[in-house]
Amino acid sequence: MAPERSQTRLRSTWRASAPTRNAAFSRHSKASSSDDLPVASSSKHSDSPPDTKAQRRTRPDPPKPYEHKRDVRPPPLNLSDLECVCRIGTGGNGQVLLVRVTYDVKYGRKQKTSTLPLQLAMKVTGKRSYRYRERNLNFKKTTEYNQYLLQERSVERRWLTELPWNPFICGLIDTFDDKVNFYHLLELSPCLSFHSYLKKSGVLSTEDARFYFSNIVLALEFLHSHDIVHRDIKPGNMLMGADGYLCLADFGSAAHISHPHDWTRAGTTVYTAPEINLAVYTAPEAFPFVDWWAAAVSLFEMVTGNLPFAGNEDHELLDPILNHDISWPEDIDVDPDLKDLVTRMLIPVPFERYGGLVVKDDPSTVGKNDEVRIHPFMHGKVKWKRIQDRRDLAPYVPHPCPDLSEGFYTAGVPNQREIPGLPVASTSVEQQWDDRFERLCYDGPPNVATE
Numbered sequence: 001m002a003p004e005r006s007q008t009r010l011r012s013t014w015r016a017s018a019p020t021r022n023a024a025f026s027r028h029s030k031a032s033s034s035d036d037l038p039v040a041s042s043s044k045h046s047d048s049p050p051d052t053k054a055q056r057r058t059r060p061d062p063p064k065p066y067e068h069k070r071d072v073r074p075p076p077l078n079l080s081d082l083e084c085v086c087r088i089g090t091g092g093n094g095q096v097l098l099v100r101v102t103y104d105v106k107y108g109r110k111q112k113t114s115t116l117p118l119q120l121a122m123k124v125t126g127k128r129s130y131r132y133r134e135r136n137l138n139f140k141k142t143t144e145y146n147q148y149l150l151q152e153r154s155v156e157r158r159w160l161t162e163l164p165w166n167p168f169i170c171g172l173i174d175t176f177d178d179k180v181n182f183y184h185l186l187e188l189s190p191c192l193s194f195h196s197y198l199k200k201s202g203v204l205s206t207e208d209a210r211f212y213f214s215n216i217v218l219a220l221e222f223l224h225s226h227d228i229v230h231r232d233i234k235p236g237n238m239l240m241g242a243d244g245y246l247c248l249a250d251f252g253s254a255a256h257i258s259h260p261h262d263w264t265r266a267g268t269t270v271y272t273a274p275e276i277n278l279a280v281y282t283a284p285e286a287f288p289f290v291d292w293w294a295a296a297v298s299l300f301e302m303v304t305g306n307l308p309f310a311g312n313e314d315h316e317l318l319d320p321i322l323n324h325d326i327s328w329p330e331d332i333d334v335d336p337d338l339k340d341l342v343t344r345m346l347i348p349v350p351f352e353r354y355g356g357l358v359v360k361d362d363p364s365t366v367g368k369n370d371e372v373r374i375h376p377f378m379h380g381k382v383k384w385k386r387i388q389d390r391r392d393l394a395p396y397v398p399h400p401c402p403d404l405s406e407g408f409y410t411a412g413v414p415n416q417r418e419i420p421g422l423p424v425a426s427t428s429v430e431q432q433w434d435d436r437f438e439r440l441c442y443d444g445p446p447n448v449a450t451e
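Oh and the sequence shown: position 24 is 24 in UniProt numbering, straight run, nothing missing.
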């Protein structure tokens with residue numbers, strides 16, 4: 001019996017000392033060692049319990065596909081996650097506010113922000129203004145009429161959501177609403193409009209006008225490549241970013257080329273093409289010429305400080321527009337190539353108007369306006385790739401620490417009753433007791449009947 005007992009000791013010792021791969025194997029080795037013959041306590045080799053440290057060092061089972069990955073995107077914004085800081089500007093149908101995000105995303109949860117918050121722009125449009133316009137429309141209340149009203153209410157959201165991101169377009173981030181207003185959360189261009197810059201700086205040089213006009217060209221090429229026409233191009237709808245480049249905003253009058261019923265009178269009269277002012281039917285291929293007309297008017301305003309056609313009322317503007325009578329100033333030396341480009345782009349007949357030829361090298365890419373780019377005013381003097389990548393230094397770069405006594409910093413803060421769904425940040429003491437901010441409160445669109 002001695003040799004057999006020796007073999008049992010060796011076998012049980014190997015089972016006890018061998019590293020275990022998993023818990024099942026450990027239980028099996030322990031059970032098998034207990035079924036063996038008893039071993040004397042004085043023996044040199046004896047059974048030992050399973051190594052618990054070895055079990056801790058065991059390799060876990062491989063994870064399932066995508067089990068270890070988490071969604072790193074922040075949770076969607078709610079209107080209560082934002083906070084109104086101040087008013088940027090007002091318009092006929094609403095106002096634009098400066099808002100900030102009041103939370104950080106940490107460990108997948110929303111927490112109050114402790115760092116510099118993200119600032120955005122919020123366009124607020126009252127539902128009362130929509131109801132007022134709808135009551136004054138001469139349409140029969142049919143299904144087509146209801147569809148038209150729905151499209152008019154969501155025109156800006158509809159076109160901005162169809163567009164991919166572009167640095168020369170003020171993009172839409174999200175939309176909200178409450179019982180009083182519609183809210184459009186937009187990218188912020190913190191340095192006011194191009195119209196404000198022109199009023200402050202005066203007449204621009206030829207080089208500066210060429211730079212800003214190239215920004216407009218890139219924005220219109222992008223829009224027209226996606227078959228969308230802005231229809232309200234003017235310096236007041238061009239915002240200046242922190243790098244000095246322009247960004248096209250306010251798509252409330254935009255329309256798609258394939259929707260002929262949308263081509264009613266829209267935009268600002270002095271910047272609107274004659275076929276829109278006169279409600280003359282044109283082929284869909286001529287719709288983009290409307291924006292190039294307004295771009296030429298804006299270019300004229302950059303270098304002269306005035307509008308190309310003399311007249312104060314709408315009926316006074318139509319005669320010089322149809323007669324192609326452009327009022328060039330005599331006391332300003334205008335570049336001949338610039339004058340030739342503007343004259344060609346302000347031809348009353350759409351298909352004879354210069355600047356509507358947009359050529360696409362590939363249907364999936366953005367087209368290029370060959371007529372404008374090859375014109376002597378632009379050809380060889382604009383580095384389009386550098387402008388598109390925003391690598392060239394702009395003629396004017398806003399100061400990183402602006403003067404708080406100028407611009408929208410003195411536009412006041414809206415009352416909470418105007419924007420019930422959007423919290424208003426607590427204002428400073430000097431603003432609370434300053435009468436100037438009380439007079440700047442927004443009371444809704446003009447000529448709207450009180451309900």
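Just so it is clear, CB atoms sit at the ideal spot from N, CA and C, and this is done for glycine as well.
Contiguous beta strand (DSSP E) elements confined to the stretch 162-192 occur at 172-177, 181-186, taking only those with 3 or more residues. Looking from the CA of glutamate 187, the closest CA among Val334, Met238, Ala121 belongs to Ala121. Taking C-beta separations shorter than 7 Å and ignoring five residues to either side along the sequence, the partners of proline 320 in its chain run Phe309, Ala310, Gly311, following chain order. Between threonine 268 and asparagine 277, the beta carbon gap of about 11 Å keeps them out of contact (Cβ cut-off 8 Å). When DSSP states are grouped into helix, strand and coil, glutamine 416 belongs to the coil group.
With respect to the 9 Å criterion, glycine 421 and phenylalanine 213 are not classified as neighbours on the basis of their beta carbons. DSSP places alanine 254 outside both helix and strand once states are collapsed to three, so it counts as coil. When C-alpha distances from aspartate 337 are compared across Phe377, Lys383, Thr343, the shortest belongs to Phe377. In the structure shown, the three-state DSSP call for glycine 126 is strand. Using a C-beta cut-off of 8 Å, the stretch 297-308 makes contact with the stretch 223-238, since at least three inter-stretch Cβ pairs fall below that distance. As the crow flies, the alpha-carbon of threonine 125 is around 28 Å from that of asparagine 215.
Judged by pairs of C-beta atoms under 8 Å, the stretch 221-231 does not touch the stretch 385-396, as fewer than three such pairs exist.
Taking serine 129 as reference, the option from Arg100, Arg158, Val180 with the minimal CA-CA separation is Val180. DSSP places threonine 90 in the uninterrupted beta strand (DSSP E) bounded by 82-90.
For secondary structure counted as the alpha helix (DSSP H) over 4 or more consecutive residues, the stretch 286-357 holds these complete runs in sequence order: 289-304, 314-322, 336-345. In this chain, the alpha helix (DSSP H) harbouring leucine 223 covers 206-225.
Counting the other Cβ atoms within 10 Å of the Cβ of asparagine 415 gives fewer than 16, which makes it exposed.
Valine 342 and aspartate 208 have their C-alpha atoms roughly 16 Å apart. Residues Pro190, Cys191, Pro398 of the same chain have their beta carbon placed closer than 7 Å to that of alanine 242, with the five preceding and five following residues left out of the count.
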